[in-house]
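K.L.:
Right, I'll just put the structure down here and ask away after.
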Amino acid sequence: MATGICYQCDKRKNDFYGNSVLCIDCYEIYPLCLECGVNERNKPHPWCDDCYRQHVHLSRQNGMTINAPAVLERVEEHSYTYGEVVKLFTDRWDRRKSQCPPITAAYHINNKKLQIRYSEYKRKLQAIGTDPNEWMHFHGTVLGCDLLSNGVKCDDTRCSICGIAQQGFNESRIGCNIPRFQRFGKGIYLAPNSSKCHDYTQGWYNLRAMLACKVALGKSYILTQNQANLTAAPAGYDSVYGKNSLQGALNYDEVVMYCSEAILPTYVILYERDGVGKIAK
Numbered sequence: 001m002a003t004g005i006c007y008q009c010d011k012r013k014n015d016f017y018g019n020s021v022l023c024i025d026c027y028e029i030y031p032l033c034l035e036c037g038v039n040e041r042n043k044p045h046p047w048c049d050d051c052y053r054q055h056v057h058l059s060r061q062n063g064m065t066i067n068a069p070a071v072l073e074r075v076e077e078h079s080y081t082y083g084e085v086v087k088l089f090t091d092r093w094d095r096r097k098s099q100c101p102p103i104t105a106a107y108h109i110n111n112k113k114l115q116i117r118y119s120e121y122k123r124k125l126q127a128i129g130t131d132p133n134e135w136m137h138f139h140g141t142v143l144g145c146d147l148l149s150n151g152v153k154c155d156d157t158r159c160s161i162c163g164i165a166q167q168g169f170n171e172s173r174i175g176c177n178i179p180r181f182q183r184f185g186k187g188i189y190l191a192p193n194s195s196k197c198h199d200y201t202q203g204w205y206n207l208r209a210m211l212a213c214k215v216a217l218g219k220s221y222i223l224t225q226n227q228a229n230l231t232a233a234p235a236g237y238d239s240v241y242g243k244n245s246l247q248g249a250l251n252y253d254e255v256v257m258y259c260s261e262a263i264l265p266t267y268v269i270l271y272e273r274d275g276v277g278k279i280a281k
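Shown next as structure tokens:
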């Protein structure tokens with residue numbers, strides 16, 4: 001082990017983290033990037049997102065490799081978690097619409113920054129006496145890389161799956177990759193049915209991908225008819241819940257969140273479905 005004076009606590013220790021100037025204890029709690037010293041680092045890793053991208057760029061130029069932050073972790077097929085993910089996906093596929101496709105792989109999104117942001121959002125709801133009303137819902141979008149072969153996220157901005165896993169949902173990019181009619185205004189759309197969200201996916205060869213997300217709905221405003229002029233949930237509410245009804249405009253329920261902090265992307269589900277680069281039908 002390396003021995004020296006820790007930059008943070010000024011104590012002589014012999015348990016330094018790698019080649020850093022911090023001891024193990026201080027490394028765990030130090031908030032800033034160890035490269036630039038300005039931006040918040042992506043714990044438990046030493047760099048911020050900007051410095052990490054610079055390291056990736058330099059390593060590719062020099063033919064070197066580095067260890068990427070473990071944002072996507074493949075779920076073992078024989079594990080309890082994998083069984084629960086499969087059950088969630090298959091149980092919520094409406095077989096009146098089409099046969100449920102087989103799942104190829106599942107990845108857990110281990111993103112501490114998003115997890116903290118989501119927890120803080122739930123605490124804010126609780127602080128004002130609102131039940132977070134947490135549910136697991138799906139979101140269909142673009143898979144723009146060979147995630148199954150690569151095993152790690154890509155940096156292609158056209159791959160929404162990897163982008164959301166890394167950065168979370170981004171209100172400024174709503175509709176960028178898959179433009180669709182927004183029934184309840186400009187928001188982030190999710191649904192309890194996996195088959196519903198399949199209609200919003202684009203694939204990579206014979207694979208599609210879908211996100212399973214924890215969603216803190218809070219107090220939902222229920223609508224059965226279109227209200228496309230919305231830019232936020234009505235006053236006193238935290239979300240919009242589009243409800244399927246005999247006299248309504250929806251064939252399936254859907255949820256609209258106008259605040260990205262209310263959504264935690266939790267799993268990427270890869271499944272077999274034909275059709276490259278086109279909206280599913």
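So the sequence shown is numbered by the working numbering: it starts at 1 and just counts up by one. The beta-carbon is built from N, C-alpha and C at its ideal position, and this holds for glycine as well. Predicted model, so just to flag it, every value in this text is computed and none were measured.
1) Of all the options G203, P192, T81, R208, which has the alpha carbon lying nearest to the alpha carbon of V215?
2) Determine whether the beta carbon atoms of Y107 and L143 lie at a separation below 8 angstroms.
3) Do N244 and D238 have their beta-carbon atoms positioned less than 8 angstroms apart in this structure?
4) Ignoring anything shorter than 4 residues, give me the alpha helix (DSSP H) runs that lie fully in the stretch 211 to 265, in order along the chain.
5) Have a look at the DSSP bridge pairing and note the partners of V268.
6) Tell me whether the beta-carbon of V256 lies closer than 8 angstroms to the beta-carbon of F169.
7) Going by the DSSP bridge assignment, what does I188 pair with across the sheet?
8) Rounded to whole angstroms, what is the Cα-Cα separation between P265 and R74?
9) What did DSSP end up calling F89 once you bin it into helix, strand or coil?
10) From what residue to what residue does the beta strand (DSSP E) around H137 run?
11) Just to confirm, is the Cβ distance from Y121 to A262 under 8 angstroms?
12) Candidates V268, E272, R273: which alpha carbon is nearest V85's?
13) Taking the beta carbon of Q202 as the centre, do at least 16 other beta carbons fall within 10 Å, making it buried, or is it exposed?
14) By the DSSP assignment, the alpha helix (DSSP H) with R117 in it spans what residues?
15) So does the stretch 213 to 229 actually touch the stretch 116 to 136, counting three or more Cβ pairs closer than 8 angstroms?
16) Taking only three categories from DSSP, how would you classify V56?
17) If you compare alpha carbons, which of N42, G236, H198 is closest to R92?
18) Using DSSP's beta-bridge definition, name the partner residues of R95.
19) Residues in its own chain within less than 7 angstroms of G248 by CB, not counting five upstream and five downstream?
20) How big is the Cα-Cα spacing for D146 and I128?
21) Name the residue from G187, I161, G140 whose alpha carbon lies nearest to the alpha carbon of T231.
22) Do you know offhand how far L270's Cα is from C259's?
23) So, using beta-carbon positions, are T141 and S160 closer together than 8 angstroms?
24) According to DSSP, is G163 helix, strand or coil?
25) Exposed or buried, which one is K87 when buried takes at least 16 other CB atoms within 10 Å?
26) Whole angstroms is fine: what's the gap from D49's alpha carbon to Q99's?
P.N.:
From the atom records:
1) To locate residue 215, count along the sequence shown from 1; it is residue 215. Selected option, being the one with the closest Cα: P192.
2) Sequence index remark: in the sequence shown, residue 107 carries index 107 (1-based). Sequence index remark: in the sequence shown, residue 143 carries index 143 (1-based). No.
3) For this step, residue 238 is matched to residue 238 along the sequence shown. For this step, residue 244 is matched to residue 244 along the sequence shown. Taking 8 angstroms as the Cβ cut-off, D238 and N244 do not qualify as a contacting pair.
4) Runs found: none.
5) One-based indexing of the sequence shown puts residue 268 at position 268. Among the bridge pairs identified by DSSP, V268 is matched with Y107, L211.
6) Here the question's residue 256 lines up with position 256 in the sequence shown. Here the question's residue 169 lines up with position 169 in the sequence shown. No.
7) What you label residue 188 is simply residue 188 of the sequence shown in a count that begins at 1. Within the DSSP bridge table, the entry for I188 names M257 as partners.
8) Looking up residue 265 in the sequence shown gives position 265. Looking up residue 74 in the sequence shown gives position 74. Approximately 15 angstroms, taken between the alpha carbons.
9) Within the sequence shown, the letter at position 89 stands for residue 89. Note: F89 maps to helix in three-state DSSP.
10) Here the question's residue 137 lines up with position 137 in the sequence shown. First-last of the beta strand (DSSP E) with H137: 134 to 140.
11) Here residue 121 is taken as the residue at index 121 of the sequence shown, counted from 1. Here residue 262 is taken as the residue at index 262 of the sequence shown, counted from 1. Against a cut-off of 8 angstroms, the Cβ pair of A262 and Y121 comes out as a contact.
12) Translated into positions along the sequence shown, residue 85 becomes position 85. Checking every option, the nearest Cα to that of V85 belongs to V268.
13) Working through the sequence shown from its first residue, we reach residue 202 at position 202. Under this definition Q202 is a buried residue.
14) The sequence position of residue 117 within the sequence shown is 117, counting from 1. 112 to 127 is the extent of the alpha helix (DSSP H) around R117.
15) Result yes; three or more Cβ-Cβ pairs closer than 8 angstroms.
16) As a position in the sequence shown, residue 56 is number 56, starting the count at 1. Note that V56 scores a pLDDT of 49, beneath 50, so its modelled location is shaky; the value from the coordinates is reported in the next line. Here V56 carries a helix assignment [DSSP, helix/strand/coil].
17) In the sequence shown, residue 92 corresponds to position 92, counting from 1. Of N42, G236, H198, the residue nearest in Cα terms is H198.
18) One-based indexing of the sequence shown puts residue 95 at position 95. In the DSSP output, where bridge partners are listed per residue, R95 has none listed.
19) Along the sequence shown, read from residue 1 onward, the residue named residue 248 stands at position 248. So the qualifying residues of the chain are T224, Q225.
20) Mapped onto the sequence shown, residue 146 falls at position 146. Mapped onto the sequence shown, residue 128 falls at position 128. Rounded to whole angstroms, D146 and I128 show a C-alpha spacing of 44 angstroms.
21) Indexing the sequence shown from 1 puts residue 231 at position 231. Among G187, I161, G140, the Cα nearest to that of T231 belongs to G187.
22) On the sequence shown, position 270 is the one that residue 270 refers to. On the sequence shown, position 259 is the one that residue 259 refers to. When rounded, the distance between both Cα atoms is 26 angstroms.
23) The residue you call residue 141 lines up with position 141 of the sequence shown. The residue you call residue 160 lines up with position 160 of the sequence shown. With contacts defined as CB atoms closer than 8 angstroms, T141 and S160 qualify as a contacting pair.
24) Indexing the sequence shown from 1 puts residue 163 at position 163. If DSSP states are grouped into helix, strand and coil, G163 belongs with the helices.
25) In the sequence shown, residue 87 corresponds to position 87, counting from 1. Looking at its Cβ environment, which holds fewer than 16 other Cβ atoms inside 10 Å, K87 is exposed.
26) One-based indexing of the sequence shown puts residue 49 at position 49. One-based indexing of the sequence shown puts residue 99 at position 99. Roughly 40 angstroms separates the two Cα atoms.
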